[in-house]
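J.:
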Amino acid sequence: MACFAFAAAVSLPSQAADSMPGYIWNEMYPEKLQALRAQGDAKRGAVAFEGCQGCHRAGALGRVDGSYPRLAGQHDTVLIKQMTDVRAGIRENPKMLPFADKEALSVQEIADIAAYLRSLPPSTDNGVGPGDRLARGADLYTRDCRSCHGANGEGDASRFYPRVAGQHFKYLFREVVQIRDGGRRNSDPRMLNAVRGYSNDDVSAVADHMARLRAPISAVGK
Amino acid sequence: MTFRLLPRRHWQIVVVTAAVTCFPVSPGAAQPAAPEVVKTLCAGCHGADGNSVAPTFPKLAGQSAAYLEKQLLDYLAGRRRGEIMASILPQLNKSDVPGIAAFYAAQPIQPAPTENAKAAAAGKKIYDDGNVDSGVPACGGCHGDKGEGNDRYPRVGGQFPAYTLIQMQEFKSGKRNNDKGKVMRAVAERMTDAEMQAVSEYLAALK
Chain G
2 MACFAFAAAV SLPSQAADSM PGYIWNEMYP EKLQALRAQG DAKRGAVAFE GCQGCHRAGA
62 LGRVDGSYPR LAGQHDTVLI KQMTDVRAGI RENPKMLPFA DKEALSVQEI ADIAAYLRSL
122 PPSTDNGVGP GDRLARGADL YTRDCRSCHG ANGEGDASRF YPRVAGQHFK YLFREVVQIR
182 DGGRRNSDPR MLNAVRGYSN DDVSAVADHM ARLRAPISAV GK
Chain U
21 MTFRLLPRRH WQIVVVTAAV TCFPVSPGAA QPAAPEVVKT LCAGCHGADG NSVAPTFPKL
81 AGQSAAYLEK QLLDYLAGRR RGEIMASILP QLNKSDVPGI AAFYAAQPIQ PAPTENAKAA
141 AAGKKIYDDG NVDSGVPACG GCHGDKGEGN DRYPRVGGQF PAYTLIQMQE FKSGKRNNDK
201 GKVMRAVAER MTDAEMQAVS EYLAALK
């Protein structure tokens with residue numbers, strides 16, 4: 002069963018995270034483990050997601066203005082990590098917290114929502130960037146991002162690396178800047194190292210490249 | 021006499037006819053008669069068909085049965101409080117609740133369009149899109165595109181603006197706190213008075 006296979010399939014948190022003050026990459030606290038081990042049900046997830054779609058919109062396509070990310074087709078492991086990290090305060094997100102907090106969602110519902118979102122097809126109408134520095138963006142992506150996020154931006158469910166293909170440009174830009182500047186501290190230390198020296202122009206170029214990548218959604222969940 | 025008296029397919033017709041006769045529930049069937057408790061306890065304020073005439077009393081017509089049941093049980097348990105409802109609670113039995121809820125849920129709501137078109141237009145924008153800057157979600161995400169609600173979230177379409185506004189204000193202040201998962205309180209806390217008023221005006225015309 003998929004829910005038992007995950008323990009062998011996912012890599013354990015990197016020790017390097019401990020050496021980054023204030024950064025907590027992927028601590029396996031009990032709630033996260035519980036959600037990862039739960040068998041998510043996409044039908045129940047569609048119901049639980051009602052409380053999310055006021056922001057993430059129907060079909061979880063997010064908003065082109067980047068205010069809310071596209072979640073359709075994202076890996077279930079990534080979604081569970083992010084939801085539980087928000088609940089744990091490791092990813093500080095006061096806008097989202099009341100809708101994902103313990104009063105609002107059970108651990109099982111987190112797994113259900115993740116199963117639902119993973120199964121949703123991302124459409125190709127996401128927001129993209131200005132398109133004027135795509136060659137630079139492609140170079141940066143190949144050099145710094147591809148080994149984790151994949152040739153087509155498909156991410157890696159087993160390592161909790163998000164799918165970036167087809168994400169809204171403005172969201173990608175904001176999050177990379179926040180990770181670079183310390184506003185978002187639940188990323189892999191490798192991510193921080195990769196973008197530490199990026200100018201805003203470089204972030205924009207690589208975000209534009211990622212927003213234009215297309216990758217099929219993964220056929221199986223965790 | 022044996023069952024072979026009728027060919028097999030004819031017996032099927034007999035059985036189906038009997039079933040339809042015994043359980044005459046089908047779309048378009050006549051509305052069920054109001055339970056006695058609706059007539060004696062509820063209709064005076066909320067109307068015989070759940071379309072009350074004054075905004076002091078919310079319209080219950082077309083409200084989801086699950087939501088009506090929850091509210092009545094919350095009143096009985098003290099989780100929701102209101103001066104007028106408090107005066108009738110001693111006469112309300114828990115066993116009456118499902119019948120009241122089912123009856124009002126089955127009644128069609130009569131919306132009351134607002135005359136404040138400008139506020140309604142502003143309200144539609146918030147209802148459909150939320151307020152990205154302050155983190156107000158689109159109301160329709162939970163309450164449905166037309167305010168129709170479902171088993172989990174109440175119908176808000178067609179309601180009196182004054183009633184809707186008071187509920188949002190009380191969620192914001194915490195005076196009303198029987199929302200599932202504190203979610204409505206979190207939303208209302210992020211809304212300005214003008215936004216709450218605009219959404220209330222917009223909802224009045226929805227059905």
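Residue numbers (the numbering used here), protein chains in the order written: chain G, 2 to 223; chain U, 21 to 227. Backbone N, C-alpha and C fix where the C-beta goes; we use that ideal spot for every residue, glycine too. Nothing here was measured: the structure is a model prediction, and the numbers come from that model.
With 16 as the cutoff for other CB atoms within 10 Å, does residue 76 (chain U) come out buried or exposed?
T.: The residue in question, residue 76 (chain U), is exposed, as its Cβ has fewer than 16 Cβ neighbours within 10 Å.
J.: Please confirm if residue 168 (chain G) has its CB atom under 8 Å from at least one CB of chain U.
T.: So no, residue 168 (chain G) is outside the interface.
J.: For residue 162 (chain G), which of helix, strand or coil comes out of DSSP?
T.: Of the three classes helix, strand and coil, the one that applies to residue 162 (chain G) here is strand, per DSSP.
J.: Exposed or buried, residue 200 (chain G), counting other C-beta atoms within 10 Å across all chains shown (16 or more means buried)?
T.: Under this definition residue 200 (chain G) is an exposed residue.
J.: DSSP puts residue 151 (chain U) in a beta bridge; with which residues?
T.: Its beta-bridge partners are U:156.
J.: Let me check understanding here. Comparing Cα to Cα, which of U:174, U:160, U:179 and U:123 lies closest to residue 55 (chain G)?
T.: Here the closest residue by C-alpha is U:160.
J.: Applying the 10 Å Cβ sphere with the 16-neighbour rule, what's the burial state of residue 73 (chain U)?
T.: Exposed, because fewer than 16 other Cβ atoms sit within 10 Å of the Cβ of residue 73 (chain U).
J.: Could you check whether the region 211–221 of chain G touches the region 146–159 of chain G, counting it as contact only if at least three pairs of C-beta atoms, one from each stretch, sit closer than 8 Å?
T.: Touching, yes, given that three or more Cβ pairs across the two stretches are closer than 8 Å.
J.: For residue 77 (chain G), does the three-state DSSP call read helix, strand or coil?
T.: Helix, per DSSP.
J.: So that I know if they touch, is there some Cβ in chain G lying closer than 8 Å to that of residue 176 (chain U)?
T.: It does not: the Cβ of residue 176 (chain U) has no partner Cβ on chain G nearer than 8 Å.
J.: Could you tell me whether the Cβ of residue 158 (chain G) comes closer than 8 Å to any Cβ of chain U?
T.: It does not; no Cβ of chain U falls within 8 Å.
J.: Quickly, what does DSSP pair residue 157 (chain G) with across the bridge? List them, please.
T.: DSSP lists G:162 as partners of residue 157 (chain G).
J.: Whose Cβ in chain U lies nearer than 9 Å to the Cβ of residue 54 (chain G)?
T.: Within 9 Å Cβ-Cβ: 157, 158, 160, 161 and 162.
J.: Measuring CA to CA, which of G:47, G:169 and G:82 is closest to residue 1 (chain G)?
T.: No statement about residue 1 (chain G) is possible, as the shown extent of chain G runs from 2 to 223 and does not include it.
J.: Pop quiz: residue 226 (chain U) and residue 131 (chain U) are said to be a contact at Cβ under 8 Å. What is the actual Cβ separation, rounded to whole angstroms?
T.: That pair is a contact at about 6 Å.
J.: When you compare each of G:160, G:90 and G:141 to residue 149 (chain G) by their alpha carbons, which one comes out closest?
T.: Per the Cα distances, G:160.
J.: Check whether the region 81–98 of chain G touches the region 188–198 of chain U, taking contact to mean three or more Cβ pairs, one atom from each stretch, closer than 8 Å.
T.: Too few Cβ pairs lie closer than 8 Å, so no.
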